[in-house]
Amino acid sequence: MLKSILAEYGFGWVVNRLLYSAKIKMMSMIPGTEVFFEENINIQRIDIFDLNIDLIRDFLKALSLEKQKEIIETADKAIMGIITGFSSLEMDYGDPINWHYSPISKQESKRSVKWYRISDFDPERGDIKGIWEASRFTHFYFLARAYLITGNKKYYTAYSKQLEQWLADNPYSIGANYKCGQECSLRMINTLINYKVFEKLVTEEDKKNIHRLVEVCYRKILSNFFYAHKCIKNNHTLSEICGLIIGAWCSDDQGRLHTAYRLLDNEIENQFMPDGGYIQYSFNYQRFALQIIECVLKISRRTCISVTNQSKELVKNSALLMYQCQDDNGDMPNYGPNDGAHIFPVSVCGYRDFKPTVNAVYAMLTGKGLFEKGYQEEELLWFGTGDRLTTERIAKKSVSFRKAGLYILRNNDGFLMICLQNFKTRPAHMDGMHIDLWHKGKNIFCDSGTYSYASGIGKELAMTAAHNTVKLNGLEQMGSYSNFLVSNWTSCKDVGFTNDEFSGTMISKKGYEHFRHIRFIKQGYVINDEVRGRGESCSFLFHTPYEVRIVTDGFEVLDKGAKLCTVKVESGSIEIQKAYRSLYYLKKEEINCVVVKCSMLSQRCTLRLEIKLIY
């Protein structure tokens, strides 16, 4: 295990992780040593965001009455402490809000101990993200948008009171809400953006509270940025650098401001692949990263500093990759870890509609939108300049993203996505050779998602058997040693791609190889699989949220009795098992998993399938 971690994560990462563990242990044993990591700061200004309030108000007032009602109802519940968490769950934190309470486990976190004495994974308290969700202040956007629609000052009053209560209930560095620098960064951003909406109503006391919130959040980020920068190296790092930029500007600290921008350019280069892939191999976290970048692009007018053109090109490519992997309805494969994060929910489009962010980021970098004008435009109004844009018509097509390890075979009615990564950075899900099939807006063969990072089901959904690939008896594609530590990374070879054909081989260090060839035919796809390696048997897996019926030569997938596709299987036994899918964090639904079992003969197994879609 140690040898694999040293080879894959690097000696530097191991040393930094040990240093961070030593820091936490030292502070736990000698609490006074925490002061060695603190910085002196002085917040002088808070107006870093510049919004065109009239334009946003006009857009919201032009929405249908039904859409306006949805915003107002969500805001009214937030006033009473009922927060929409993880983009889908109504979570009751009480009135006034108990900022240390998890509505999931109905347990309260210790509110009088230092953050470093609180466990990430407490079985009694449950998933710590349940506590953090209210303190992200994403519900402030609903208060602000409801105020712009109605003009009712009760929404400002709720913003003011909840901010005051949070500060009173969360003295600096004590409690779960100071455990993560990213949470502090998001809390600061969301407070400052929505301050601009209520600016004409805020009192001097409000301004003092906002200054105080920025101060404690910035202090936390500065004191523990080493961990995000040297150990985590993902969206946490980006969001904390954004917090560093905002904190430095608010402190009028030009030295730290310029340093933060240099750090951001380095991280963009490290985290975004040239073809648009993202380091976390997750569309949810890719959107998260893009929203952080759009926030940075927004405040560049205030800071008078911008990311480099190279960074902008990488980010633009990332938006284009997501555009190409989208279904026409805006949804995407549930690829990779998915914690339900939607940090800037400024759209009536649903959480699973990725159009608002993809469109906003691309438009901010090019001056042109990717979609016809519609609901997805609101996010651009919050983060862009507000100028009306022309639409750039980019055709969706079959395309390969080799660095990202994603391949799209597309026709007029849908697409098939194949995952085959050659991991150079830390993977999360064991989804090598996974296929995601979309037809006429329906995700026929789907990814299982995440559910929770702190549950047994969540761990299972990251494993090989939760993906549409092959599972050898008793073997995983890679090794898993903790919630976020994966070793023995898979690699690939002999990848070929054309407009209607894909082929490649996944190599597992567990002692086997999986070759998959997929060819597009007039009404579907032909898949040829070959597995070589140790083992007595292997299972070819196909997860679907639809009904399945086994027939003489294979199986059929149906939606309320209407046939979606037929799958002809040339060998092996077929059975249907129950499985789970999680489209939203902490929500799961029972789905079907079709298992085609084959025996390994002379350490070799083959399977041929023909998928015919119903048009």
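The sequence shown begins at 135 in the numbering used here and counts up by one. Heads up, the beta-carbon is just placed ideally off N, CA and C, and yes, glycines get one too. Since the structure is predicted, the reported quantities are computational estimates derived from the model, not experimental observations.
Beta-carbon gap between residue i and residue j smaller than 8 angstroms
{"i": "Gly583", "j": "Ser716", "result": "yes"}
{"i": "Gln510", "j": "Cys483", "result": "yes"}
{"i": "Glu142", "j": "Trp516", "result": "no"}
{"i": "Met734", "j": "Ser671", "result": "yes"}
{"i": "Met551", "j": "Pro467", "result": "yes"}
{"i": "Ala302", "j": "Ile265", "result": "no"}
{"i": "Asp409", "j": "Phe557", "result": "no"}
{"i": "Gly389", "j": "Phe359", "result": "no"}
{"i": "Ile217", "j": "Glu267", "result": "yes"}
{"i": "Ile177", "j": "His392", "result": "no"}
{"i": "Tyr485", "j": "Ser586", "result": "no"}
{"i": "Lys531", "j": "Thr500", "result": "no"}
{"i": "Asn368", "j": "Ile413", "result": "yes"}
{"i": "Leu378", "j": "Ile477", "result": "no"}
{"i": "Arg251", "j": "Ser236", "result": "no"}
{"i": "Asp387", "j": "Arg179", "result": "no"}
{"i": "Ile238", "j": "Asp256", "result": "no"}
{"i": "Gln711", "j": "Arg666", "result": "no"}
{"i": "Asp399", "j": "Val350", "result": "no"}
{"i": "His563", "j": "Leu698", "result": "no"}
{"i": "Gln202", "j": "Ile308", "result": "no"}
First through last residue of the alpha helix (DSSP H) which encompasses residue i
{"i": "Arg666", "result": "Per DSSP, Arg666 belongs to no alpha helix (DSSP H); it is in the beta strand (DSSP E), 658-667."}
{"i": "Arg191", "result": "187-195"}
{"i": "Ile367", "result": "According to the sequence shown, residue 367 is Lys rather than Ile. It is not in any alpha helix (DSSP H) - Lys367 carries neither H nor E in the DSSP assignment."}
{"i": "Glu447", "result": "443-458"}
{"i": "Asn400", "result": "388-405"}
{"i": "Tyr154", "result": "145-163"}
{"i": "Ser294", "result": "288-303"}
{"i": "Asn493", "result": "489-500"}
{"i": "Ser269", "result": "263-269"}
{"i": "Glu610", "result": "Note, Glu610: premise wrong, no alpha helix (DSSP H); not H, not E."}
{"i": "Ala209", "result": "199-213"}
Integer-rounded CB distance, given that residue j should sit under 8 angstroms from residue i
{"i": "Thr603", "j": "His651", "result": "About 14 angstroms separates the two Cβ atoms, so there is no contact after all."}
{"i": "Ser621", "j": "Ser138", "result": "4 angstroms"}
{"i": "Thr700", "j": "Lys746", "result": "5 angstroms"}
{"i": "Cys580", "j": "Thr491", "result": "Not quite, the Cβ-Cβ distance comes to about 22 angstroms (not below 8 angstroms), so this is no contact."}
{"i": "Gly669", "j": "Leu606", "result": "4 angstroms"}
{"i": "Ala453", "j": "Leu424", "result": "6 angstroms"}
{"i": "Phe505", "j": "Arg421", "result": "Not quite, the Cβ-Cβ distance comes to about 15 angstroms (not below 8 angstroms), so this is no contact."}
{"i": "Gly539", "j": "Leu523", "result": "Actually they do not touch by this definition, with Cβ atoms about 32 angstroms apart."}
{"i": "Leu743", "j": "Lys702", "result": "7 angstroms"}
{"i": "Ala494", "j": "Glu428", "result": "6 angstroms"}
{"i": "Arg436", "j": "Trp383", "result": "7 angstroms"}
{"i": "Tyr361", "j": "Tyr227", "result": "About 27 angstroms; that fails the 8 angstroms criterion."}
{"i": "Ile175", "j": "Tyr312", "result": "Contact flag wrong, Cβ pair sits at about 16 angstroms."}
N-terminal and C-terminal residue of the beta strand (DSSP E) that residue i is part of
{"i": "Val430", "result": "Per DSSP, Val430 belongs to no beta strand (DSSP E); it is in the alpha helix (DSSP H), 417-437."}
{"i": "Asp226", "result": "223-226"}
{"i": "His568", "result": "From DSSP, His568 is part of no beta strand (DSSP E); its letter is neither H nor E."}
{"i": "Ser642", "result": "635-642"}
{"i": "Met551", "result": "548-553"}
{"i": "Phe535", "result": "533-535"}
{"i": "Arg279", "result": "Counting along the chain, Arg279 falls outside any beta strand (DSSP E), though it belongs to the alpha helix (DSSP H) covering 274-284."}
{"i": "Glu333", "result": "Taken as a continuous stretch (DSSP letters only), Glu333 belongs to no beta strand (DSSP E), as it is neither H nor E."}
{"i": "Asp254", "result": "Premise fails: Asp254 is in no beta strand (DSSP E) and is neither H nor E."}
{"i": "Gln711", "result": "707-715"}
Cβ neighbour criterion (16 or more within 10 Å) applied to residue i
{"i": "Cys438", "result": "exposed"}
{"i": "Pro479", "result": "buried"}
{"i": "Tyr395", "result": "buried"}
{"i": "Pro305", "result": "exposed"}
{"i": "Glu317", "result": "buried"}
{"i": "Val728", "result": "buried"}
{"i": "Val247", "result": "exposed"}
{"i": "Asp521", "result": "exposed"}
{"i": "Gln611", "result": "buried"}
{"i": "Glu401", "result": "buried"}
{"i": "Ile655", "result": "exposed"}
{"i": "Ile323", "result": "buried"}
{"i": "Asn726", "result": "buried"}
{"i": "Lys159", "result": "exposed"}
{"i": "Glu512", "result": "buried"}
{"i": "Gln111", "result": "Within the shown structure, residues of the chain are numbered from 135 to 749, placing residue 111 beyond reach of any answer."}
{"i": "Val149", "result": "exposed"}
{"i": "Ser117", "result": "With the chain represented from 135 up to 749, any question about residue 117 goes unanswered, as that position is not in the structure."}
Could you say if the stretch 270-282 and the stretch 290-299 meet the contact criterion of at least three C-beta pairs nearer than 8 angstroms?
In short, these stretches touch, since the Cβ pair count reaches three.
Should the stretch 154-171 be regarded as contacting the stretch 369-381, the criterion being three or more beta carbon pairs within less than 8 angstroms?
Contact fails: fewer than three Cβ-Cβ distances are below 8 angstroms.
Cβ contact check for the stretch 167-187 and the stretch 680-692: 3 or more pairs under 8 angstroms
Too few Cβ pairs lie closer than 8 angstroms, so no.
Whether or not the stretch 706-716 and the stretch 627-645 are in contact is what I'm after, with contact meaning three or more pairs of Cβ atoms, one per stretch, closer than 8 angstroms; do they touch?
Below 8 angstroms, too few C-beta pairs join the stretch 627-645 and the stretch 706-716 to call them touching: fewer than three.
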